[in-house]
Structure formats: structure tokens, C-alpha cells
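A.B. asks:
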Amino acid sequence: MSSKMQSSNNIAQARRTVQQLRVEANIERIKVSKASADLMNYCSEHAKYDPLLMGIPASENPFKDRKPCTIL
Amino acid sequence: MGEMEQMKKEAEALKTQIEAARKAVHDTDMASAAAGVAPAPQVQLKTRKTLKGHLAKIYAMHWSTDNRLMVSASQDGKLLIWDSHSGNKVNAVPLKSSWVMTCAYAPSGNLVASGGLDNMCTVYNLKTPVIKTVKELDAHTGYLSCARFLSDTEILTSSGDTTCALWDLETGKQKTVFLNHVGDCMCLSLSPDMNSFVSGACDSLAKLWDVRDGQCKQTFQGHTSDINAISFIPSGNAIITGSDDCTCKMYDIRADQEVICYQDAALNSGVTSLALSTSGRLIFAGYDDFNCNIWDSLKGEKVGVLSGHDNRVSCTGVPEDGMCVCTGSWDSFLKIWN
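So the protein lines, in turn, are chains A and B. So the first sequence is numbered by the working numbering: it starts at 1 and just counts up by one. So the second sequence is numbered by the working numbering: it starts at 1 and just counts up by one.
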């Protein structure tokens, strides 16, 4: 590759980098306090429906092995 | 000043601007904000099933949306479809290439996909009388690290060639290529609304992409090594990443920054995989040290551990109904815990 082609590749790459940074710089950001509050609200609203958090009664656990009963 | 110099200057100025904007909204962090939240209960889960059948390391698993079937991939050259309730194998799909790194179940349950060092994503139809290969998606120039179906007609892939791609399954061609990472892409996660996805790569960055226009919207820094695992939290407003730097992190999308780091001085193994409980409160993270640690996502504390594998935990998954967590390991077994 001629050095002229190489440097124009480098310039093209640099242009893309700057373009990408412009996109990322221009977004709206919310405060971390608000973001955290929303996350905490989501977790607390959905906690009661979260089986791994709440625990699963044995009778409702599809993965629990049903042991055969022995009549003594 | 030459154009090159000018652009270097502008790039530096933009980076400074982004850091300043992030700092300006950093009025707290997640753990401090959650100080008043009751701690998550200490989580003690039991192994309910051990799925035996693979003959070599398991590299990936994925739940079907029916919460019962799951697919696993092993370097024994097979995909196995399991009925997790009975522990029985429902199907076995022999792979052309045994160097598999990922597998995926389509939301419909009709298709599964696999890929790895063959650089291809192969899609199989499970519903034909004999399982058939329906497409071989061949355009990546590096290994296939992850695949996720959007539907029976579209699939997203991430590759060691540093790109991600959205494919049309009817034509077998790439519709959109996502270019911006400078290291191997290792993982991806689709947002709940399916309009965006995040990728993690060996450049230690996570990136947020618009599925339709291919644009990289945001870049998340902080990790100091490869990001091996990534997942949206159920609300869609934040992501969790797991890295070879032995930590997991939560990045909030709207605040555009890291809000909490899940780490422990005693932990010096890389994170290989992660999955979340349905409320997003619990993170199940698989590590190279053979364990899966359970983290309280809001407070950053370890609240449990799943010990039982005899080798690295390579994959974890929680089904949509959240009724269990599945871990897959290099010890060739899958375990179901709840």
C-alpha cells in the first residue's frame, strides 16, 4: 500500500472516530440518583413475582424430584 | 495544522466533554442510593437436576421461551435439547464442526442455532420430522462467539472478527453489520423491546447499538480486560457485564456510566457468564474458579454461591418465568438450581 493510501485510510479512520464520538457526546444523560431510584422501584415492584428471590414451595417446584412414597 | 492533527485534537476534546457530562450527573452511585433498601435474603439454592449426556466441555446453553426445554452446546460436537423437568434428552443435533462456542433457541421454539471456530452460524429446524440444517450463515471472518434470534427470520451474531451482524434468515445474508469494537466481540444481549442490543468485547468495552440503523449509540468503559458476558436487566434501563478482570459491573443506559461494581478481594477468577433473576435483583455470575456467585444487584453484596461443578462454569441461564437457574460447565454437566 502506498504511503498516500495508508495516510488517507488513517484520515478516514480518524474521521469515523470523531464522528462516533460526536454521536456519543450528544446524548441526554439523567442523574444517577434518578437512574438508581428507577432501578430500585423496578426491583421492588417485581420482587414478589421473582421465584428465586421469594423461594418456591416444594409442591409448586417443577424441578423437584417427586420421591415415591413407601407405605410402611 | 494538518487534518490528522485537527481530528486528534477534536477527538480528545470530545472525550473530555463526555467524561465531564458523565461526572455532571454522577450525584451518587447505586450502592449508596440503595443503602436504605432491605438486603436481599441470603440465597441458598439446591441442585434439583444434574443433566448428564455431554462427553466434553459445555460452552453454552440457552432456555426456550416455554421455560421447560433448553439447548446446550459441547465440544463433543453436539447440541442437546433437554426437557429440564424430567432431565431427559429430547433431541441431539450433530454439528459439522465440534468447535462450538454458542447456541441459541428461537423464541418460537422452532429453530436453534450454533456457531464457533468455523466462523459460521448454523440454523436448524427442530420441527421437521428429521432435524434439518436450514441455513449456514457464512460471512464473519472470525469465530462466532454468540448468537440470539429476534424471530424465525432474523438473528444477531457477535464475532471474533470484532463485528456483530443482523442476518436475514430467509436470504442467509447480513442485513446490517455493526462496526466499532477494536477487539473480538465475545457476547451480546438484546434489549427487552428488541430495538437495541449491547455487545461486550476484548477491547474491554460494552457498546449499545440500534438494531435497525446499525449505529453505535453509547460506549461503556471501566473494565480492564475482556468482557465475556453481558445482559440487559429486565427493565431495559441498565446492563450487567462480566469480565476477565474478575468483576461484574452495572452500567445505566440513561446515565451513560458505571453505577456499581460487583467485586470481592477474595475473587481472582474471571467471569465467564451471567444471568439475572426476573426482578433483576439477583445476578448469577459464573466464574473460572468453578463457582457461580450470586450478587445483590442493588447493594453490590454477594448473597450466595452455587458450588457443585468440578470445572469452570462456562454458561448460566434463567428461563423467562424465573423458576430456576441453569449452570453449564467444562465438567460436561448442566445443573438446575432453585
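Each residue gets a CB set at the ideal place from its N, CA and C atoms; glycine is no exception. Predicted model only: the values in this text are computed from it and were never measured.
With 9 Å as the C-beta to C-beta threshold (strictly closer), list the residues of the segment 229-259 of chain B near chain A in chain order.
C.D. replies: The residues in question are 233, 234, 235, 237, 238, 250, 252, 253, 254, 255, 256, 257 and 259.
A.B. asks: Any contact between the segment 55-65 of chain B and the segment 33-43 of chain B? By contact I mean 3 or more CB pairs, one from each, below 8 Å.
C.D. replies: Contact fails: fewer than three Cβ-Cβ distances are below 8 Å.
A.B. asks: Check whether chain B comes within 7 Å of residue 5/A, counting only Cβ atoms and requiring the distance to be less than that.
C.D. replies: Closer than 7 Å: no.
A.B. asks: Please classify residue 270/B as buried or exposed, where buried requires at least 16 other C-beta atoms within 10 Å of its C-beta.
C.D. replies: It is buried - the Cβ of residue 270/B has at least 16 other Cβ atoms within 10 Å.
A.B. asks: Measuring alpha carbon to alpha carbon, tell me which residue in 86/B, 2/B and 187/B is nearest residue 336/B.
C.D. replies: Here the closest residue by C-alpha is 86/B.
A.B. asks: Going along chain B in order, which residues have a C-beta closer than 8 Å to the C-beta of residue 57/A?
C.D. replies: Within chain B, no residue comes near residue 57/A; the closest Cβ sits about 11 Å away, beyond 8 Å.
A.B. asks: Going by alpha carbons, who is nearest to residue 244/B out of 236/B, 227/B and 167/B?
C.D. replies: With distances taken between Cα atoms, residue 244/B lies closest to 227/B.
A.B. asks: 7 Å is my cut-off, CB to CB: does residue 119/B come that close to chain A?
C.D. replies: Output row for residue 119/B: interface = no.
A.B. asks: Please report the straight-line C-alpha distance between residue 265/B and residue 30/B, rounded to a whole angstrom.
C.D. replies: Rounded to whole angstroms, residue 265/B to residue 30/B spans 20 Å at the Cα level.
A.B. asks: Is DSSP giving residue 7/A helix, strand or coil here?
C.D. replies: Three-state result, residue 7/A: helix.
A.B. asks: Span of the beta strand (DSSP E) holding residue 292/B?
C.D. replies: Where residue 292/B is concerned, the enclosing beta strand (DSSP E) stretches over 292-296.
A.B. asks: Using Cβ-Cβ distances below 8 Å, what residues of the segment 298-329 of chain B are close to chain A?
C.D. replies: Correct list: 298, 318, 321, 322, 323, 324 and 325.
A.B. asks: How would you write the range of the alpha helix (DSSP H) that residue 15/B sits in, first residue to last?
C.D. replies: Residue 15/B -> alpha helix (DSSP H) spans 3-25.
A.B. asks: I want to see whether chain B comes within less than 7 Å of residue 132/A, judged by CB atoms only; does it?
C.D. replies: This structure gives no information on residue 132/A, because the portion of chain A shown stretches from 1 to 72.
A.B. asks: List, from N- to C-terminal side, the alpha helix (DSSP H) runs of 4 residues or more that fit wholly inside the segment 239-294 of chain B.
C.D. replies: None, since the segment 239-294 of chain B contains no complete alpha helix (DSSP H) of that length.
A.B. asks: Along chain A, which residues have their Cβ under 7 Å away from the Cβ of residue 29/B?
C.D. replies: Correct list: 32.
A.B. asks: Nearest CA to the CA of residue 320/B: which residue from 251/B, 22/B and 275/B?
C.D. replies: The residue with the shortest Cα to Cα distance from residue 320/B is 275/B.
A.B. asks: Just list the beta strand (DSSP E) runs in the segment 151-208 of chain B, keeping only unbroken ones of 3 residues or longer that don't cross its boundaries, in chain order.
C.D. replies: Segments of the beta strand (DSSP E) lying fully in the segment 151-208 of chain B: 154-159, 163-168, 173-179, 185-190 and 196-201.
A.B. asks: Can you give the Cα-Cα distance for residue 306/B and residue 293/B, rounded to whole angstroms?
C.D. replies: Approximately 6 Å, taken between the alpha carbons.
A.B. asks: Does residue 14/A come within less than 7 Å of chain B when only Cβ atoms are used?
C.D. replies: Yes - at least one Cβ of chain B is within 7 Å of the one on residue 14/A.
A.B. asks: Count the other CB atoms, across all protein chains shown, that sit within 10 Å of the CB of residue 12/A; report buried if there are 16 or more and exposed otherwise.
C.D. replies: Exposed.
A.B. asks: Below 7 Å between beta carbons: does that hold for residue 152/B and residue 108/B?
C.D. replies: Taking 7 Å as the Cβ cut-off, residue 152/B and residue 108/B qualify as a contacting pair.
A.B. asks: Helix or strand or just coil, what does DSSP make of residue 148/B?
C.D. replies: Strand.
A.B. asks: Could you work out which residues of chain B lie near residue 10/A, taking near to mean beta carbons separated by less than 8 Å?
C.D. replies: In chain order: 4.
A.B. asks: CA-CA distance, residue 27/B and residue 35/B?
C.D. replies: One C-alpha to the other measures close to 15 Å.
A.B. asks: For residue 311/B, which of helix, strand or coil comes out of DSSP?
C.D. replies: Correct three-state label for residue 311/B: coil.
A.B. asks: Sorted by chain position, which residues of the same chain lie with C-beta nearer than 6 Å to residue 181/B's C-beta, five sequence neighbours on each side aside?
C.D. replies: Counting only Cβ-Cβ distances below 6 Å, and skipping sequence neighbours, we find 162, 201 and 203.
A.B. asks: Between the alpha carbons of residue 135/B and residue 128/B, how many angstroms are there, rounded?
C.D. replies: Cα to Cα, residue 135/B sits roughly 14 Å from residue 128/B.
A.B. asks: Using the beta-carbon of each residue, which ones in chain A are nearer than 8 Å to residue 160/B?
C.D. replies: Within 8 Å Cβ-Cβ: nothing; residue 160/B doesn't reach chain A, min ~20 Å.
A.B. asks: Mind checking if residue 278/B is an interface residue toward chain A, Cβ cutoff 7 Å exclusive?
C.D. replies: Residue 278/B counts as touching chain A.
A.B. asks: So with CB distances below 9 Å, who are the chain A contacts of residue 180/B?
C.D. replies: In chain order: 16 and 20.
A.B. asks: Let's test the definition: count the other Cβ atoms within 10 Å of the Cβ of residue 20/B and tell me whether it reaches 16, buried, or not, exposed.
C.D. replies: Per the 10 Å Cβ criterion, exposed.
A.B. asks: If you count every other CB in all the chains shown that lies within 10 Å of the CB of residue 19/A, and 16 or more means buried, which is it?
C.D. replies: Residue 19/A should be labelled exposed.
A.B. asks: Could you check which residue in 63/A, 27/A and 37/A has the C-alpha nearest to that of residue 49/B?
C.D. replies: Selected option, being the one with the closest Cα: 63/A.
A.B. asks: Check each candidate in 239/B, 4/B, 224/B and 178/B and name the one with the smallest Cα separation from residue 213/B.
C.D. replies: Minimum Cα distance to residue 213/B is reached at 178/B.
A.B. asks: In the DSSP assignment, what are the bridge partners of residue 333/B?
C.D. replies: Answer by DSSP bridge pairing: none, since residue 333/B is not bridged.
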